[in-house]
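Chemist: For the sequence shown, the numbering used here gives the first residue as 0, with consecutive numbering after it.
One structure, pasted below without further comment.
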Amino acid sequence: MKIAQRLFPLLVLLAFFSCDPIKKSTATLKDDGIIEIVFLQMNDVYEISPLSDNSGGLARVATLRKSLQAKNPNTFAVLAGDFISPSVIGTLKYEGKRIRGKQMVETLNALGLDWVVFGNHEFDYDDLGDLQARLDESNFTWISGNAQLKSGDLVRPFFKNRPGGEEKCPEDLIVEVKDADGTTVKLGILGVLITSGQKPFVAYSDPLEAAQKTYKSLAGKTDLQIGLTHLAMPDDLKLAEMLPALPLIMGGHDHDNMIHRIGNTTVAKADANAKTVYIHTLQYDKKSKKASVRSELRKVNGDIPDEPATAGVIAKWEKIKSAALSSSGFDAGKKVADLNAPLDCRESAVRHRQVPVGQYITDAMLAASRNKPECAIVNSGSIRVDDILSGVITELDIVRMLPFGGGISEVEMKGSLLQRTLDAGLQNEGNGGYLQLGHIAWDLSQKVWLINKTPLDKAKIYRVVLPDFLLTGNETNMDFLKAAPKEGGKGSTNPDILNISSANPSDKSDLRRDIRLVLIQFMRK
Ligand SMILES: [Zn+2]
0 MKIAQRLFPL LVLLAFFSCD PIKKSTATLK DDGIIEIVFL QMNDVYEISP LSDNSGGLAR
60 VATLRKSLQA KNPNTFAVLA GDFISPSVIG TLKYEGKRIR GKQMVETLNA LGLDWVVFGN
120 HEFDYDDLGD LQARLDESNF TWISGNAQLK SGDLVRPFFK NRPGGEEKCP EDLIVEVKDA
180 DGTTVKLGIL GVLITSGQKP FVAYSDPLEA AQKTYKSLAG KTDLQIGLTH LAMPDDLKLA
240 EMLPALPLIM GGHDHDNMIH RIGNTTVAKA DANAKTVYIH TLQYDKKSKK ASVRSELRKV
300 NGDIPDEPAT AGVIAKWEKI KSAALSSSGF DAGKKVADLN APLDCRESAV RHRQVPVGQY
360 ITDAMLAASR NKPECAIVNS GSIRVDDILS GVITELDIVR MLPFGGGISE VEMKGSLLQR
420 TLDAGLQNEG NGGYLQLGHI AWDLSQKVWL INKTPLDKAK IYRVVLPDFL LTGNETNMDF
480 LKAAPKEGGK GSTNPDILNI SSANPSDKSD LRRDIRLVLI QFMRK
């Protein structure tokens, strides 16, 4: 005690004369009017673990966040939309319920995420209960400037259920940030998302108009404003032109890293699945009201160690995933093929035009068939990975690509029904009911469908292989395909489908029981 008392004045003196600014007592610092705020940006993250090329992994991002925060407590981790769907884990069941993004919210909570903006994939689960559960479980703030919850005629903000009652998801956010020398600023964050693929339980408004409106309200209440968006890049660039005072727009939806400077505005997107993250350092001078942004694209790979708490959460979900996959007959890490060209499985490709992945799947379906079908169709909505696959493809990648699985059936159908199906597929461009076609082509000049290069004959009977899902009649605009085999043999409940041949579940050699086994077998050859 006595020694401590005697030492005390000496310590104070030492601190006072120290050259190291960290040891300076805050009392000696003077508000310099300049503040630095750091943003750790992710966007479009579907996987919690590293990918097969060992890039990504949210436990590594958690380590980055910790080290950035140790250097500057004014560090915010943000995610610019698309994270609760799609993923392999999300499609699996745990404790009797579909997981549906629970693994992601739990991981992001552990990582210490601060803010997100809704992305279009947050509305993937048509059962609103899943999205509500994810909102309730989350510890981070969901910003939504242009989408609200719609039930019947009632439109209201999305919300979290909290012990004290409902907590609204804000249209925008105001955060007071203070640094070590006492410089204090009010930061306004606006957040909007793309309105494609609209869902009936969401009321959308135009994202650019909403952003402009929000900006006007924020400008009166805050020192500086930034954007967190989930838009296609052309719209982000329009936003940057419309609102030149924003120093930074952190975006998503595009899956490749990109950065643009429009005037004084930086518009940036990192790579999907946290293969990279952006670290933005925003410096703001209160006196001149000038903001500048330094942006660094950081690769997330094995050079960054895992943060233990986040890694623990991820390990728990990986264990659940491995058990579920192996019980369905998949060996997650087993190599299927080495791709010689990247395979574009993004929705912006598979739902809009005929692409190589559709060719692979339909060829595989034809190869696994037993009754020599003439052609194959698959709904693009069954391809859910929304990513570009490259390099070594594992069984896990095939499950990522086709997470719902399900069998395939060979049917004999009237040409008139085939024509109706193909026409509906074309009408469905942009949604999951758009069809990828095998041995079928649309002849633009003659305006006819070609089956093996011959014009479709409505009166003929065609042998077609398709996913069982299409025979449920639940695909968009394809209720007319609903069919089930008639009891006790030939024929079906659909007058235009004369026969249905499916796998016998007890015959393990019949791969038709799961489209993923069909594709794995085909790509392995
Ligand atoms: Zn998106």
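Every residue, glycine too, gets a C-beta built ideally from N, C-alpha and C.
#1: Roughly how many angstroms separate the alpha carbons of D255 and K268, rounded to a whole number?
#2: CA-CA distance, D125 and F403?
#3: Strictly closer than 7 Å from CB to any heavy atom of ligand 1: give me those residues in the order they appear in the chain.
#4: For F75, count neighbouring Cβ atoms within 10 angstroms of its own Cβ and tell me buried if that reaches 16, exposed if not.
#5: Of all the beta strand (DSSP E) runs that stay within the bounds of the stretch 227 to 306, which reach a length of 3 or more residues?
#6: Which word fits K220, buried or exposed, when buried means at least 16 other C-beta atoms lie within 10 angstroms of its C-beta?
#7: Pick out the complete beta strand (DSSP E) segments inside the stretch 162 to 233, 3 residues or longer, and give them in chain order.
#8: In the DSSP assignment, what are the bridge partners of M41?
#9: Less than 8 Å separating the beta-carbons of I261 and A231?
#10: Looking at S408 and Q501, is the spacing between their C-beta atoms short of 8 Å?
#11: Name the DSSP beta bridge partners of Y93, please?
#12: Judging by CA-CA distance, which residue of S51, T280, G357, K212 is the nearest neighbour of G437?
#13: Please determine, among G151, L449, I98, V201, the residue with the shortest C-alpha to C-alpha distance to L421.
#14: So is P307 in contact with chain D if we call contact Cβ pairs under 8 Å?
#15: For Y461, which three-state DSSP category applies?
#16: Using C-beta distances below 8 Å, list every residue in its chain close to R297, excluding the 5 sequence neighbours before and after it, in chain order.
#17: Am I right that L189 and Q224 are in contact with their C-beta atoms under 8 Å? What's the rounded C-beta distance?
#18: For P20, which residues of its own chain have a beta-carbon under 8 Å away from its beta-carbon, when the five flanking residues on both sides are left out?
#19: How many Å lie between P199 and P156 at the Cα?
#20: Name the residue from S294, D513, P304, A322 whose alpha carbon lies nearest to the alpha carbon of E35.
#21: Assign D495 to one of two classes, buried (16 or more other C-beta atoms within 10 Å of its C-beta) or exposed (fewer than that).
#22: So, using beta-carbon positions, are L516 and A323 closer together than 8 Å?
#23: Mind reading off the beta-carbon distance from F406 to D467? Whole number of angstroms is fine, and I expect it under 8 Å.
#24: Find out if the Cβ-Cβ distance for the pair D180, L217 is shorter than 8 Å.
#25: Go through its chain and collect everything with a Cβ distance to E166's Cβ below 7 Å, but skip five positions before and after it.
#26: Please report how far the alpha carbon of I397 lies from the alpha carbon of I499, in whole angstroms.
#27: For N370, I'd like the list of residues in its chain whose CB is within less than 8 Å of its CB, leaving aside the five on either flank, ordered along the chain.
#28: Can you round the beta-carbon distance between I303 and D343 to whole angstroms, since I take them to be within the 8 Å contact cut?
#29: For N145, is the classification buried or exposed, using 16 other Cβ atoms within 10 angstroms of its Cβ as the cut-off for buried?
#30: Tell me the DSSP secondary structure of M103 in three-state form.
Modeler: Considering the structure as presented:
#1: For the purposes of this step, residue 255 is identified with residue 256 of the sequence shown, where counting begins at 1. For the purposes of this step, residue 268 is identified with residue 269 of the sequence shown, where counting begins at 1. For D255 and K268, the distance between alpha carbons rounds to 7 Å.
#2: Position 126 of the sequence shown, counted from the first residue, corresponds to residue 125. Position 404 of the sequence shown, counted from the first residue, corresponds to residue 403. Each residue's Cα considered, the two are about 15 Å apart.
#3: This criterion selects D43, G80, D81, G118, N119, H120, I193, H229, G251, H252.
#4: For the purposes of this step, residue 75 is taken as the residue at position 76 of the sequence shown. Burial of F75 is indicated by the presence of at least 16 other C-beta atoms within 10 angstroms of its C-beta.
#5: 247 to 249, 257 to 261, 264 to 268, 275 to 284, 289 to 298, all fully within the stretch 227 to 306.
#6: Counting from 1 along the sequence shown, the entry for residue 220 is found at position 221. K220 comes out exposed.
#7: Here the runs fully enclosed are 164 to 167, 171 to 177, 183 to 192, 201 to 203, 223 to 229.
#8: Reading the sequence shown from its first residue, position 42 is the one you call residue 41. DSSP, once it has assigned bridges, lists L78 as partnering M41.
#9: For this step, residue 261 is matched to residue 262 along the sequence shown. For this step, residue 231 is matched to residue 232 along the sequence shown. Their beta carbons are not under 8 Å apart, which means I261 does not touch A231 by this criterion.
#10: As a first step, residue 501 is located in the sequence shown; it is residue number 502 there, counting from the start. As a first step, residue 408 is located in the sequence shown; it is residue number 409 there, counting from the start. First, the residue type needs correcting, since residue 501 is Ser and not Gln in the sequence shown. Yes. Within cutoff.
#11: If you number the sequence shown from 1, residue 93 lands on position 94. Its beta-bridge partners are K96.
#12: Residue 437 sits at position 438 when you count from the first residue of the sequence shown. Looking at the Cα atoms, G357 is the closest of the given residues.
#13: Locating residue 421 in the sequence shown gives position 422, counting from the first residue. The option with the nearest alpha carbon to L421 is L449.
#14: Among the chains in the structure shown there is no chain D, since it carries only a single protein chain.
#15: Numbered from its first residue, the sequence shown carries residue 461 at position 462. In the structure shown, Y461 falls within a strand segment according to DSSP collapsed to helix, strand and coil.
#16: As a working mapping, residue 297 is identified with position 298 in the sequence shown. Result list for R297: L63, T275, V276, Y277, I278, in chain order.
#17: As a first step, residue 189 must be located in the sequence shown, where it is residue number 190. As a first step, residue 224 must be located in the sequence shown, where it is residue number 225. Between L189 and Q224 the beta-carbon gap is near 7 Å, inside 8 Å, which marks them as a contact.
#18: Within the sequence shown, the letter at position 21 stands for residue 20. For P20, the pLDDT reaches just 45, beneath the cut-off of 50, and the residue's location in the model is therefore unreliable, although a value from the coordinates is still provided. Closer than 8 Å at the Cβ level, and outside the excluded window around P20, lies no residue.
#19: Walking along the sequence shown from the start, residue 199 turns up at place 200. Walking along the sequence shown from the start, residue 156 turns up at place 157. Going by the C-alpha atoms only, they are around 15 Å apart.
#20: Looking up residue 35 in the sequence shown gives position 36. Nearest to E35 by C-alpha distance, out of S294, D513, P304, A322, is S294.
#21: Here residue 495 refers to the residue found at position 496 when the sequence shown is read from its first residue. Around the CB of D495, 16 or more other CB atoms lie within 10 Å, so the residue is classed as buried.
#22: Translated into the one-based positions of the sequence shown, residue 516 becomes position 517. Translated into the one-based positions of the sequence shown, residue 323 becomes position 324. Between L516 and A323, the gap from beta carbon to beta carbon reaches 8 Å or more.
#23: On the sequence shown, residue 406 is found 407 positions in, with the first residue counted as 1. On the sequence shown, residue 467 is found 468 positions in, with the first residue counted as 1. In the sequence as presented, Phe is not what sits at residue 406; that position holds Gly. At roughly 5 Å, the Cβ-Cβ gap stays under 8 Å, so G406 and D467 are in contact.
#24: The residue labelled residue 180 in the question sits at position 181 within the sequence shown. The residue labelled residue 217 in the question sits at position 218 within the sequence shown. Going by C-beta atoms, D180 is not nearer than 8 Å to L217.
#25: Translated into the one-based positions of the sequence shown, residue 166 becomes position 167. Counting only Cβ-Cβ distances below 7 Å, and skipping sequence neighbours, we find F158, K159.
#26: Here residue 397 corresponds to residue number 398 of the sequence shown, with the count starting at 1. Here residue 499 corresponds to residue number 500 of the sequence shown, with the count starting at 1. For I397 and I499, the distance between alpha carbons rounds to 26 Å.
#27: As a working note, residue 370 is residue 371 in the sequence shown. Within the same chain, N370 has close Cβ partners E409, R462, S500.
#28: Here residue 303 refers to the residue found at position 304 of the sequence shown. Here residue 343 refers to the residue found at position 344 of the sequence shown. At roughly 28 Å, the Cβ-Cβ gap does not stay under 8 Å, so I303 and D343 are not in contact.
#29: Within the sequence shown, the letter at position 146 stands for residue 145. Result: buried.
#30: Within the sequence shown, the letter at position 104 stands for residue 103. Residue state, collapsed to three classes: helix.
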